[in-house]
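Number of protein chains: 2
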Amino acid sequence: MSIQYTPIGTVRSPFETPDAVGHDPDAEGAIVLDDTYAAGLDGLTGFSHVVILADLDQSETSSLIAQPPHADDVEVGVFATRSPHRPNGIAETVAEIRARDGATLSVRGIDLVDGTPVLDLKPYVPRVAPADVETGWVTETT
Amino acid sequence: MSIQYTPIGTVRSPFETPDAVGHDPDAEGAIVLDDTYAAGLDGLTGFSHVVILADLDQSETSSLIAQPPHADDVEVGVFATRSPHRPNGIAETVAEIRARDGATLSVRGIDLVDGTPVLDLKPYVPRVAPADVETGWVTETT
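For the record, the sequence lines run as chains A and B.
Residues 1 to 142 (our numbering) make up the first sequence, in order.
Residues 143 to 284 (our numbering) make up the second sequence, in order.
Structural data, given as structure tokens:
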């Protein structure tokens with residue numbers, strides 16, 4: 001059984017390849033929706049940040065084991081990482097909202113490759129009290 | 143252009159219909175992956191919470207305008223909400239990790255219907271300092 005989605009728009013970012021992504025945590029870019037979806041953005045600029053779901057179309061491999069960044073001697077399951085090389089290559093990332101003009105949402109802190117197909121946008125609302133969060137290997141290696 | 147994904151597993155929860163979801167913020171349930179993906183869970187229990195991406199297969203309608211919960215007189219764009227009635231019905235939700243046994247991850251605070259197809263799991267890591275977050279209509283209506 002497979003599930004089909006149709007992209008609603010495209011990422012614009014300074015990153016032309018996956019290797020370039022993340023080298024600028026303040027990278028400015030935009031989510032350019034197809035015009036038909038413009039009305040769906042109403043009210044989103046009342047939030048400071050947006051959750052972006054996007055298709056990692058530049059990732060052509062998948063593995064169940066991944067190496068966390070900056071941790072060469074550690075291997076964990078892929079679902080314990082944000083590795084792009086996963087069974088379903090869906091990115092879930094957060095960016096700061098700068099402005100909205102029609103079907104275009106300007107953002108800061110984008111970490112997706114230019115041209116990435118966008119599947120969905122949602123408002124970012126923290127859902128766990130910071131004191132209740134534990135972050136596994138992230139804590140250990142950073 | 144459409145993008146295809148194959149579910150990696152299924153949600154088990156006490157909620158048999160969409161209307162029942164959310165009435166128990168401490169609801170216990172599980173993510174039951176297909177056995178072939180079990181190794182992908184290694185290391186995930188080092189984190190306190192998991193991000194679940196799932197296909198909202200019980201939602202058969204889509205609208206660009208949505209009403210926030212508990213706000214009958216407010217209408218906003220669907221991308222400013224977590225409404226299940228959206229162009230691509232992908233849920234992005236967070237649950238507390240209780241235990242892992244093989245390909246099964248037991249969780250608390252699940253807000254998905256029993257039987258929902260799971261697309262991806264990722265570790266929950268807060269990515270925005272709480273003081274920097276603004277939450278639009280959520281602040282105004284709760």
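Ideal placement from N, C-alpha and C gives every residue a C-beta, glycine not left out.
On a Cα-Cα basis, can you pick out the residue from the options that is closest to residue i?
i: residue 85 of chain A; options: A:15, A:64, A:69; result: A:64
i: residue 46 of chain A; options: B:168, B:222, B:174, B:197; result: B:222
i: residue 73 of chain A; options: A:6, A:137, A:2, A:7; result: A:137
i: residue 209 of chain B; options: A:59, A:58, A:43, A:25; result: A:43
i: residue 174 of chain B; options: B:230, B:161, B:218, B:257; result: B:257
i: residue 59 of chain A; options: A:23, A:37, A:88, A:2; result: A:88
i: residue 61 of chain A; options: A:70, A:71, A:78; result: A:78
i: residue 218 of chain B; options: A:41, A:97, A:19; result: A:41
i: residue 195 of chain B; options: B:270, B:143, B:243, B:148; result: B:148
i: residue 211 of chain B; options: B:161, B:263, B:143, B:243; result: B:161
i: residue 239 of chain B; options: A:121, A:128, A:71, A:97; result: A:128
Strictly by DSSP, which residues pair up with residue i?
i: residue 146 of chain B; result: A:4
i: residue 49 of chain A; result: A:96
i: residue 117 of chain A; result: A:10
i: residue 29 of chain A; result: A:107
i: residue 218 of chain B; result: B:208
i: residue 101 of chain A; result: A:104
i: residue 277 of chain B; result: A:47
Just the chain A side, please: which residues come within less than 8 Å of residue i by C-beta, in chain order?
i: residue 201 of chain B; result: Here the premise fails: no neighbours, minimum Cβ distance about 13 Å.
i: residue 249 of chain B; result: Those do not exist, as residue 249 of chain B stays about 13 Å from chain A at its closest Cβ, beyond 8 Å.
Measuring CB to CB, does residue i end up less than 8 Å from residue j?
i: residue 198 of chain B; j: residue 90 of chain A; result: no
i: residue 113 of chain A; j: residue 21 of chain A; result: yes
i: residue 247 of chain B; j: residue 172 of chain B; result: yes
i: residue 159 of chain B; j: residue 259 of chain B; result: no
i: residue 110 of chain A; j: residue 13 of chain A; result: yes
i: residue 277 of chain B; j: residue 123 of chain A; result: yes
i: residue 241 of chain B; j: residue 177 of chain B; result: no
i: residue 272 of chain B; j: residue 25 of chain A; result: no
i: residue 37 of chain A; j: residue 8 of chain A; result: yes
i: residue 95 of chain A; j: residue 82 of chain A; result: no
i: residue 133 of chain A; j: residue 268 of chain B; result: yes
Taking C-beta pairs closer than 7 Å, name the residues in chain B that residue i reaches, listed in chain order.
i: residue 65 of chain A; result: 181
i: residue 11 of chain A; result: Chain B residues near residue 11 of chain A: none, gap ~14 Å exceeds 7 Å.
How would you list, in chain order, the residues of chain B whose beta-carbon sits under 9 Å from the beta-carbon of residue i?
i: residue 2 of chain A; result: 146, 147, 148, 149
i: residue 110 of chain A; result: Result: empty, since nearest Cβ-Cβ is about 13 Å, beyond 9 Å.
i: residue 53 of chain A; result: 195, 230, 232, 234
Using a beta-carbon distance cut-off of less than 7 Å, what residues from the stretch 164–193 of chain B approach chain A? 179, 181, 182, 183, 184, 185, 186, 188, 189, 190, 191, 193
Using a Cβ cut-off of 9 Å, which residues of the stretch 212–226 of chain B contact any Cβ in chain A, in chain order? Cβ proximity to chain A below 9 Å picks out 216, 217, 218, 219, 220, 221, 222, 223, 224 from the stretch 212–226 of chain B.
Can you pull out the residues from the stretch 112–136 of chain A whose beta carbon lies closer than 8 Å to at least one beta carbon of chain B? 117, 119, 120, 121, 122, 123, 124, 125, 126, 127, 128, 130, 132, 133, 134, 135, 136
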